[in-house]
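Just below is one structure, and these are the notes that go with it.
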Amino acid sequence: MLKKILFLIIAFYILTLFQTSFMPFFDIKGLTINLVLVLVIFINLFEIPEKKIGLWSAFIAGFFLDVWSSGLFGIEILAFVLAAVFIKFIVKKYVQVPSFERVQK
Amino acid sequence: MRFNIGKRRIIIVALIILIFLCLNLTGFSKGVREFFYNFSSPIQRNFWQTGNKISSLFESIFNAQNLNKENYELKNKNQELLGEIILLQELKDENKTLRQALEINLEKEFKLVFSEVIGKDIGEDFILINKGSADGILEKMPVITSEKVLVGKISEVYNNFSKVMLISHKDEENSFYVKIQSVLNSGQEINDISIIAKGKGRSKLFLEMIPKDREILEGEIVITDVLAGIFPKGLLVGEIKKVEKSDVEPFQTAEVSFFFNIKEIDHLFVLTEY
Chain A
103 MLKKILFLII
113 AFYILTLFQT
123 SFMPFFDIKG
133 LTINLVLVLV
143 IFINLFEIPE
153 KKIGLWSAFI
163 AGFFLDVWSS
173 GLFGIEILAF
183 VLAAVFIKFI
193 VKKYVQVPSF
203 ERVQK
Chain B
380 MRFNIGKRRI
390 IIVALIILIF
400 LCLNLTGFSK
410 GVREFFYNFS
420 SPIQRNFWQT
430 GNKISSLFES
440 IFNAQNLNKE
450 NYELKNKNQE
460 LLGEIILLQE
470 LKDENKTLRQ
480 ALEINLEKEF
490 KLVFSEVIGK
500 DIGEDFILIN
510 KGSADGILEK
520 MPVITSEKVL
530 VGKISEVYNN
540 FSKVMLISHK
550 DEENSFYVKI
560 QSVLNSGQEI
570 NDISIIAKGK
580 GRSKLFLEMI
590 PKDREILEGE
600 IVITDVLAGI
610 FPKGLLVGEI
620 KKVEKSDVEP
630 FQTAEVSFFF
640 NIKEIDHLFV
650 LTEY
C-alpha cells in the first residue's frame, strides 16, 4: 500500500507539472484537457470500489493541483475526493466494469 | 460499533477541514506552494520550453497553406508601417526640438525587472514567473512585454516566484481604464475616448459602457489611460476585434484582441517604478 502511494505521489507530481507547463500550449478554444482529472477518473472507474487507491490518488492529485492553482488551498482536493467517492458509488451500485484485479481474483 | 465508525469518520472530516482552514488562514499554504515551486522550477522550465517548441512546430505545419496569403498581407502592412515610421520620425524630431526649446524633460524611464515565464495556472489567466520579493517585486506591480504591451499585474508574491494575473482575468478588481486611439495613416488622431476594460476570463477582454454615439472601428488601437490606476498610461493593450451594439442596450461593448500571445511569451518585465 505504502509503495503504491509513493508511486502515485511521484506520478501525479510529474503529471501536474506537465499539465501546468506543457499542456497550456495545446488548448482547443482556450480549453485544455485536464490529464490529472482523466487519470483519477480512470483509476476510480477501473478499481474495485472497496479498494482505497482511487481515493488516495484523488487526494494526491488534488493536492498537487492546489499547489499550482491560485485559489484557496484544498478546493481541488475536496473536488477530486468528492468526484472519486461519487464514481465509486455509481460503479458499486449500477455499473459492472471489468477490472484487471477482478480477473486476477 | 457502527456508531464508533461514524464518529471516527466525523472526527477525520473535522480534522481535515481544520487543517485546510489552518493552511489558508495562517498563510502556511504560501510556504507549501513556494517549497514546491522552488524545486520544480527547472522541470517546469523544461516542460514549458518543450511545449513551446512542439506547438510552434505544429502551428507552422498547419499554417503552411496560409503562408502565401499571410506573406502578401504582411508585405502590404510593412509598407504601410514604413510610411508611418517616416512620418513619426519627422514628428519625433519636431517634438525633440520643441522640448529643447522649452527645456522640459518629459521622458520617464521605467525601472524594470526581467523575468522568465515558467508555468501557466490551470485555472487560466495566471502565469508563474521566476522573480519574487527577493528581486523587489511587490503585489499589483504591472507586467509588460519587451514591446511595452500590457500583460497583467502581480497578484501573489513568493521569495523567488510571482503569480501574474493577466488583464483578461475575470476578477472584479481587474478592471482598468483605457483609451481607444483611432489613428489615420497620416498619423492624425481623430478619436480618443476613455472607457472601462474588463477581463472576462479565458483570454478575453471587453470594453464596456461605451457611449453609442462613439463610433468604434475594428482594428483600432487600445492603450492604457491616465486613469488606469495601477498601470502607467500609454501601454499597449490590444486592438478592437469586434463591436457589439444592441438597440435595447444603452451602451455598446467591444472585444479586444491582445497584442501578446500568452503561448509565445518566454520573458516579461515587471515595472517596479514608473
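From first to last, the protein sequence lines are chains A and B.
Numbered according to the numbering used here, the first sequence spans residues 103 to 207.
Numbered according to the numbering used here, the second sequence spans residues 380 to 653.
By construction, the Cβ of each residue, glycine as well, lies at the ideal position given by its N, Cα and C atoms.
Since A:Ser159 meets chain B, which of its residues come closer than 8 Å, beta carbon to beta carbon? When 8 Å is used as the limit between beta carbons, A:Ser159 is near no residue of chain B, the shortest such separation being about 17 Å.
Supposed close pair B:Ile602, B:Val557 - CB separation, criterion 8 Å: 6 Å
Where in the region 587 to 626 of chain B do unbroken runs of the beta strand (DSSP E), each at least 3 residues long, occur, reported from the N-terminal end onward? 600 to 603, 615 to 623
Chain-ordered neighbours of A:Leu174 on chain B, where CB pairs are closer than 7 Å: Asn403
Of the residues B:Ile396, B:Ile390, B:Val530, B:Thr405, which one's Cα is nearest the Cα of A:Ile179? Closest option to A:Ile179, judged by alpha-carbon separation, among B:Ile396, B:Ile390, B:Val530, B:Thr405: B:Ile396.
Can the beta-carbon of A:Phe161 be found closer than 8 Å to that of B:Phe426? no
Comparing the C-beta of A:Val169 with each C-beta of chain B, is any distance below 8 Å? Look at A:Val169: its C-beta is under 8 Å from a C-beta on chain B.
What separation, rounded to the nearest whole angstrom, lies between the Cα atoms of B:Leu536 and A:Ser171? According to the sequence shown, residue 536 of chain B is Val rather than Leu. Spanning the two alpha carbons is a distance of roughly 14 Å.
Report the partner residues of B:Met520 according to the DSSP bridge assignment. BP columns for B:Met520 are empty, so no partner.
How far does the beta strand (DSSP E) with B:Thr651 in it extend, from its first residue to its last? 646 to 652
Could you check the C-alpha separation between B:Glu459 and B:Met544 for me, to the nearest Å? 34 Å
Using 10 angstroms around the beta-carbon of A:Val140, count the other beta-carbons present and answer buried if the total reaches 16, otherwise exposed. With fewer than 16 Cβ atoms within 10 Å of its Cβ, A:Val140 is classed as exposed.
Bridge partners - B:Ser541, DSSP secondary structure assignment: B:Ile508, B:Val536
Closer than 7 Å, Cβ to Cβ, to anything on chain B: give me those residues from the region 111 to 130 of chain A, in chain order. Listed by position, the residues of the region 111 to 130 of chain A near chain B (Cβ gap below 7 Å) are Leu119, Phe120, Gln121, Thr122, Ser123, Phe124, Pro126, Phe127, Phe128.
Just the C-alpha distance for B:Lys549 and A:Gly173, rounded to the nearest angstrom, thanks. About 13 Å.
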